């Protein structure tokens, strides 16, 4: 590979959502895989411009929600019909209708936990150190600037060529990001 | 040319939709406007307000301390009125919380983009209101150290809670509602904490905001999961909020008492909750937009929309009051007929008519656009709505209990000093949390507001001339050739 071991990758700065949108389409079409766009807010349509697949998060939430609901029903059945039987209003011990509210609530709780922690898991957050945080320019990513980063480990990465390529997409600036972990 | 008009957006210009944000057309200006609130030197007024709220919180502490020392006998409860201000205040605060979830979750699902300006603030209100609400069920048990009885945990008595009791459903519903609201709020805060982190001038701020921002770096691969997570949380919170106040109403409706035992309670309680909550959000937003000069983000249009929701839900509540009377007559149950005639004309008729005038009559002024967009009017009517909604819970709880089945056991209920001080104290808790929130948190969802500006749309006509030409082959011929060599 042509990439330099001490280099983490390249960071290109763009001015507005339209610029990053069109730049992402070109980076995608150029066949890069280990790259990312960084924006202050979710730019509409950027997932397609980057060629990303749909998030798998809904499956995690579905499984978690059903688990929560099943556990709740199981708990209520075990407590009311097995462990601690009480006759109340001459109703059966396992009067499932009365257990619906808590079943629903626990399903929602587990689903919500699955959604938040699933999201953090997919995103590998929290991650307090990242090579991009070395760049002073990158501080504006949470304000009003849009960035594309391409990692040097991408098979199509080429130190000079990729930098020229990013500049040709209308980038305001292209910066080399060093790898803090390299010896 | 600016994409935003300078005029207030409380009315529609024919042929175009009114903008969601006025006077700001650069992302950086939105960042500045919102972060300024958390970054400016602490104003003197904040210290005054915070000190005041903190002393009221002290009143709550003393009231709870004395209650724990002495027991619930210090309250005005009697026989038959075994449920007094504690349940009234609990339902009042939970109801207020519901507007926050409605704004953040239900309006999100309905793609009501105007909600983005106010949702952070409303969600904060939800969480603090739920905290206030949870005070009452916790302390009303008297022996607070035995509260663990309500949780299904193995204990020395080998006893388990009764899952067929609506009160236990309530324990789960409200605590889960609080937890999910915090999760939802926090997920929304992550990108905005990152904004504050990246703007921090001091190490402490950078460290503190850095920790809570979890290392967010605006990656689109992250936004993709993030947006789905947010959507799913909204989808989960929507049925949750409806279920929570339905379950709160089951506390009453599942009992056998005339005046409580009605099937209209769940929808009626949910409408009332949204009604009071919107009034509270409107009050807080009117104060905040004035205090922090955020008139272009908390716009007149937001308040206009909120006033419309208040008018709608107020009328729904009025319909429910009327329907309760109709059913009492139509059902021909003498106990129920008596309960409702007693409500309107009995010992507590004063409370009933305060409720009707505040909840049903006062919001009717919002049929007028002028009233909806005139801040002092809006503020005063919203205060009335909150008073009225507190009285609604009082009327439901106390009138039904004080005149139960046996006339010999009837009694009049009056609160004591400690009932009042505990309730007032919860406003101290609410105010203290609100003060801390506006001081240290991004009070507007910065990323979301940016995303609804016209400039956020990559296909907006304003970008047409900047878009690069399609297929400029020669500009990246060289790198592609190099890549091809590298791959072989």
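Protein chains in written order, with the numbering used here: chain A, 731 to 913; chain P, 3 to 490. Here a beta-carbon is modelled for each residue, glycine too, at the ideal position from N, C-alpha and C. All figures in this text were calculated on a predicted structure; none of them were measured in a lab.
Using a CB distance below 9 Å, the part of the segment 212-231 of chain P facing chain A consists of 212, 213, 215, 216, 217, 218, 219, 220, 221, 222, 223, 224, 225, 226, 227, 228, 229, 230, 231, ordered along the chain. If you draw a straight line from the Cα of residue 126(P) to the Cα of residue 102(P), it comes to about 8 Å. Taken through DSSP and simplified to helix, strand or coil, residue 890(A) comes out as helix. In this structure, the CA atom of residue 334(P) is about 50 Å from the CA atom of residue 845(A). Chain P has a Cβ within less than 8 Å of the Cβ of residue 829(A). Bounds of the beta strand (DSSP E) holding residue 907(A) are 903-908. Uninterrupted alpha helix (DSSP H) stretches at least 4 residues long and entirely within the segment 132-218 of chain P occur at 168-201, 205-214, given in chain order. Across the set 743(A), 739(A), 775(A), 736(A), the C-alpha of 743(A) shows the shortest separation from the C-alpha of residue 898(A). In this model, residue 896(A) and residue 766(A) are separated by some 13 Å (Cα to Cα). Each of 220(P), 180(P), 331(P) was checked against the Cα of residue 876(A), and the nearest Cα belongs to 220(P). Rounded to whole angstroms, the separation of the alpha carbons of residue 825(A) and residue 341(P) is 31 Å. The C-beta distance from residue 446(P) to residue 119(P) rounds to 6 Å, short enough to fall under 8 Å. Within 7 Å of the CB of residue 203(P), no CB atom of chain A is found; the nearest one sits about 12 Å away. Residue contact with chain P for residue 740(A): absent (no Cβ-Cβ distance below 8 Å to any residue of chain P). Between the alpha carbons of residue 147(P) and residue 71(P) lies a distance of about 12 Å. Residue 141(P) and residue 66(P) have their C-alpha atoms roughly 7 Å apart. Exposed is the label assigned to residue 331(P), since fewer than 16 other Cβ atoms lie within 10 Å of its Cβ.
In the assembly as shown, residue 778(A) is an exposed residue. Its beta-carbon has fewer than 16 other beta-carbons within 10 Å. DSSP assignment within the segment 801-850 of chain A yields no whole beta strand (DSSP E) run of 3 residues or more. One thing to note: residue 130(P) has its Cβ no nearer than 8 Å to the Cβ of residue 809(A). Just measuring C-alpha positions, the residue of 772(A), 776(A), 737(A) sitting nearest residue 752(A) is 776(A). Between the alpha carbons of residue 178(P) and residue 153(P) lies a gap of roughly 13 Å. A contact between stretches requires three or more CB pairs, one per stretch, nearer than 8 Å, and the segment 287-297 of chain P fails this requirement with the segment 248-264 of chain P. Non-local C-beta neighbours of residue 763(A) in its own chain, meaning closer than 7 Å and more than five positions away in sequence, comprise 884, ordered along the chain. For the segment 268-287 of chain P, there are no residues whose beta carbon sits under 7 Å from a beta carbon of chain A. Using a Cβ-Cβ distance cut-off of 8 Å, the segment 208-223 of chain P and the segment 298-315 of chain P are not in contact, since fewer than three pairs of beta carbons, one from each stretch, lie closer than that value. Taking C-beta atoms as the reference points, residue 279(P) and residue 104(P) count as a pair closer than 8 Å. Between the alpha carbons of residue 907(A) and residue 871(A) lies a gap of roughly 15 Å.
Shown here, residue 879(A) sits in a strand according to DSSP, grouped into three states.
When DSSP states are grouped into helix, strand and coil, residue 782(A) belongs to the coil group. Membership of residue 252(P) in the alpha helix (DSSP H) is indicated by the continuous run 222-255. Under the three-state reduction of DSSP, residue 741(A) is assigned to strand. Near chain P, meaning a CB-to-CB distance below 7 Å, the residues of the segment 768-788 of chain A are 768, 769, 770, 771, 772, 773, 774, 775, 776, 777, 780, 782, 785, 787, 788.
Contact between residue 369(P) and residue 313(P) holds: their C-beta atoms lie close to 7 Å from each other, under 8 Å. Listed along chain A, the residues sitting closer than 7 Å to residue 162(P) by beta-carbon distance are 809, 813, 814.
For the pair residue 413(P) and residue 80(P), the CB atoms are nearer than the 8 Å cut-off.
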